[in-house]
Amino acid sequence: MLKILENIQLKPYNTFGISAVAREFAEIRSKDDAIELVKSGVLKGKLHLVLGGGSNILFTGNFDGIVINVLNKGIQLIEEHDDYVLVEAAAGEVWHDLVMWTVAQGWGGLENLSLIPGSVGAGPVQNIGAYGVELKDCFHSLKAIDLETGKEIQFNKAECSFGYRDSIFKRELKGRILIHAVTFRLSKRPQLKLGYGAIKQELEFTGINKPTVAEVSDAVCRIRRSKLPDPAITGNAGSFFKNPVVSATSAKILQNQYPGMPVYPQPDETIKLAAGWLIEQCGMKGYREDDAGVHPKQALVLVNYGNASGFGIISLAGKIQNKVLERFGVKLEMEVNIF
Ligand code: EPU
335 MLKILENIQL
345 KPYNTFGISA
355 VAREFAEIRS
365 KDDAIELVKS
375 GVLKGKLHLV
385 LGGGSNILFT
395 GNFDGIVINV
405 LNKGIQLIEE
415 HDDYVLVEAA
425 AGEVWHDLVM
435 WTVAQGWGGL
445 ENLSLIPGSV
455 GAGPVQNIGA
465 YGVELKDCFH
475 SLKAIDLETG
485 KEIQFNKAEC
495 SFGYRDSIFK
505 RELKGRILIH
515 AVTFRLSKRP
525 QLKLGYGAIK
535 QELEFTGINK
545 PTVAEVSDAV
555 CRIRRSKLPD
565 PAITGNAGSF
575 FKNPVVSATS
585 AKILQNQYPG
595 MPVYPQPDET
605 IKLAAGWLIE
615 QCGMKGYRED
625 DAGVHPKQAL
635 VLVNYGNASG
645 FGIISLAGKI
655 QNKVLERFGV
665 KLEMEVNIF
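Just add 334 to wherever you are in the sequence shown, counting from 1, and you've got our numbering.
Dropping the structure here:
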């Protein structure tokens with residue numbers, strides 16, 4: 335039976351650990367709860383926000399509407415073929431729990447995405463990514479409820495318009511659907527992706543030369559733990575900005591000036607720059623204003639040392655954007671959703 339709660343403190347529901355009060359709060363534990371919520375008409379004329387693990391959100395004030403917290407659970411094998419499987423996970427599952435489940439079966443695809451905070455349902459919205467892999471690489475389809483009609487809709491990969499930390503759910507369909515299950519296509523003969531960053535080094539360091547998916551997952555967890563703050567200890571929402579993408583010409587000009595600058599050529603010949611590097615060059619790594627700060631080990635992550643307000647984080651973010659723009663002529667776009 336669906337219950338709507340009132341005046342709920344959102345601090346435990348966002349990994350930044352920001353205090354904000356939601357006027358109304360609904361817990362969705364099944365697809366039927368979501369349908370009932372829409373059919374009851376309580377959403378009509380109200381601001382609403384579908385919340386998963388709250389790991390990519392910054393509240394800058396109270397939420398004068400209804401927060402819909404998706405908590406349904408379940409992971410199941412739905413198809414098995416000679417070389418791949420389809421696994422469906424409920425949107426309310428913790429992302430890392432799903433990764434651990436698939437890794438335990440020896441199925442490949444999600445291992446580089448180990449330890450990303452958040453829920454399964456939020457993954458496709460952001461097209462989460464790490465260490466050379468994006469969710470879209472293993473995505474098969476998803477099921478959602480239309481928040482206008484209460485009808486179920488399915489999306490295949492092409493219909494999601496995935497891009498770098500982007501999808502149709504962040505744009506045209508923003509606030510219009512609730513994802514309740516996601517299906518992944520995983521390989522029974524995994525092609526491991528070890529080329530990115532420190533993975534190879536980490537495996538070599540531990541003396542592994544023919545890694546399993548579990549060993550890659552372990553390596554990714556160790557790398558993440560070594561430089562990214564644990565949201566259970568220090569509030570944060572992962573990368574606060576996207577890595578900016580510039581033209582090859584702009585990148586060349588910058589590289590002439592800054593030969594050490596990391597560059598990541600993209601398939602469409604644009605160049606992705608490392609926002610963390612740009613921010614560090616501006617002297618902002620480890621910078622702190624009251625309880626809002628730039629993480630000392632990864633400048634792309636903003637942190638809440640305790641009692642920062644959403645406003646404090648945003649004003650720090652604005653300062654960083656200005657400095658990077660002034661020095662490099664590059665505009666940093668926020669990755670985190672601001673409410
Ligand atoms: N760098 C610095 N200083 C810093 C941070 C980074 O010089 O303070 C340099 C690094 O030395 C490296 C380059 O910038 O040469 C890239 O850094 P890193 O490999 O740490 O990754 P990133 O580009 O900063 C992205 C994702 C992360 C993901 C990592 C690993 C985005 C916005 N962020 O960060 O995703 O974990 O790659 O694949 O694309 C997230 O989205 O929340 C997130 C954590």
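The beta-carbon is built from N, C-alpha and C at its ideal position, and this holds for glycine as well.
### Message
Across the region 396-404 and the region 355-363, are there enough close Cβ pairs to call them in contact, namely three or more that are closer than 8 angstroms?
### Response
yes
### Query
In this structure, what does DSSP give as the bridge partners for F489?
L476
### Query
Does the count of Cβ pairs from the region 531-550 and the region 569-576 closer than 8 angstroms reach three?
no
### Query
What first and last residue would you give for the beta strand (DSSP E) that runs through G399?
397-404
### Task
Please look up how many angstroms separate the CB atoms of A456 and G387, rounded, as I've assumed it's under 8 angstroms.
6 angstroms
### Query
Does the separation of the CB atoms of V658 and C616 fall below 8 angstroms?
yes
### Rounded C-alpha distance that separates Y598 from L528
16 angstroms
### Query
Quick one: Cα of P451 to Cα of G541, how far?
28 angstroms
### Message
Any heavy atom of the ligand EPU inside 7 angstroms of the beta-carbon of A566?
### Response
no
#### Entry: Beta-carbon proximity of H474 to L562, cut-off 8 angstroms
no
### Query
On the three-state DSSP scale, how would you describe V421?
strand
### Task
Output yes or no for whether 8 angstroms exceeds the beta carbon distance between L411 and A423.
no
### Message
Excluding the 5 residues flanking A585 on each side, which residues of the same chain have their C-beta closer than 6 angstroms to its C-beta?
### Response
V597, I605
### Three-state secondary structure (DSSP) of M434
helix
### Query
Just checking my contact of I391 with N656 at CB under 8 angstroms: how many whole Å lie between their CB atoms?
Actually they do not touch by this definition, with Cβ atoms about 23 angstroms apart.
### Query
Does the beta carbon of A608 fall short of 7 angstroms from some heavy atom of the ligand EPU?
yes
### Message
Nearer than 7 angstroms: is that true of the beta carbon of A456 relative to any heavy atom of the ligand EPU?
### Response
no
### Span of the alpha helix (DSSP H), counted from its first residue to its last, around G652
644-662
### Message
Using 8 angstroms as the threshold, is the C-beta distance between L481 and R510 below it?
### Response
yes
### Segments assigned alpha helix (DSSP H), at least 4 residues, entirely inside the region 497-554
533-539
### Task
Taking only heavy atoms of the ligand EPU into account, decide whether any of them is closer than 7 angstroms to the Cβ of A651.
no
### Query
Taking the Cβ atom as the reference point for each residue, do N461 and G426 lie within a distance shorter than 8 angstroms?
no
### Task
Report the residue from G466, K373, Y639 whose alpha carbon sits nearest the alpha carbon of V291.
This structure cannot settle anything about residue 291, because the visible part of the chain is limited to 335 through 673.
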